[in-house]
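Asks:
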Amino acid sequence: MNVTSAQAAKILRKYEDEMEGIISNETLSREFLAAVGEDVESVRPAYNYSETQAKIVELEDKIRKLKHALNVFNTKEKLPGFGLTIDQALIYMPQLSRRREKLRTMKSVLPKAREENRFGKASNIIDYRYANYDIAAVEKDYNEVSDLLAKLQTALDTVNNTVTFDIEV
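So the sequence shown is residues 34 to 202, counted in the numbering used here.
Take a look at the structure:
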């Protein structure tokens with residue numbers, strides 16, 4: 034079957050939902066209570082151990098093959114304009130996000146700010162906190178990192194929704 038990464042993710046979600054349903058049903062039906070004197074067969078839930086295990090093994094196999102195909106695709110497919118494979122981009126994006134968050138904090142400070150009294154004690158000494166860096170340079174870097182992250186995410190979205198690969202179903 035020929036799919037995009039986005040389609041593969043949807044298929045994977047379907048398989049995992051199906052697995053969750055089978056396991057949930059098994060948990061509810063593999064054991065049951067019957068009161069003394071109650072007809073056990075009348076309260077026995079429908080459950081077939083062998084069929085349930087076969088369904089679980091089949092789904093595990095499908096999930097394993099699909100995830101492997103997706104991983105192989107991610108290690109080989111390069112994002113246009115970046116020279117990075119998808120798996121490299123998936124590592125790079127959180128790095129960029131952390132850098133952007135740090136820069137957001139740094140660009141938001143005042144060059145000089147009065148420090149609040151500590152521990153609620155009154156003092157005649159006034160402390161000032163100074164930025165020990167060029168705030169304008171930080172803001173420039175913040176904008177560059179934000180733009181790069183947006184372009185990387187867009188490139189990834191484009192590949193995930195347009196480039197296809199084969200999977201076994």
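Ideal Cβ positions, reconstructed from N, Cα and C, are used throughout, including at glycine.
#1: Following the continuous alpha helix (DSSP H) through T60, name the residue where it begins and the one where it ends.
#2: Can you tell me whether N35 is helix, strand or coil according to DSSP?
#3: Within 10 angstroms of its Cβ, does K47 collect 16 or more other Cβ (buried), or is it exposed?
#4: Could you tell me which residues DSSP puts in a beta bridge with Y161?
#5: Report, in whole angstroms, the separation of the C-beta atoms of I96 and N107, which I expect to be a contact under 8 Å.
#6: What do you reckon, are the CB atoms on A122 and L112 nearer than 7 Å?
#7: So, using beta-carbon positions, are N35 and D190 closer together than 7 Å?
#8: By the DSSP assignment, the alpha helix (DSSP H) with F106 in it spans what residues?
#9: First and last residue of the alpha helix (DSSP H) that includes D120?
#10: Where does D72 sit, in a helix, a strand or coil, going by DSSP?
#11: Helix, strand or coil for D199, going by three-state DSSP, please let me know.
#12: Quick one: what does DSSP say Y166 is sitting in, helix, strand or coil?
#13: Closer than 7 Å by C-beta to F65: which residues in its own chain qualify, once you throw out the five before and the five after it? Chain order, please.
#14: Work out the CA separation of D180 and I168 for me, nearest whole Å.
Replies: According to the data block:
#1: S38 to S62
#2: strand
#3: exposed
#4: R147
#5: Not really, about 16 Å apart at Cβ, beyond 8 Å.
#6: yes
#7: no
#8: Y82 to K109
#9: I119 to K140
#10: coil
#11: strand
#12: coil
#13: V76, R77 and P78
#14: 18 Å
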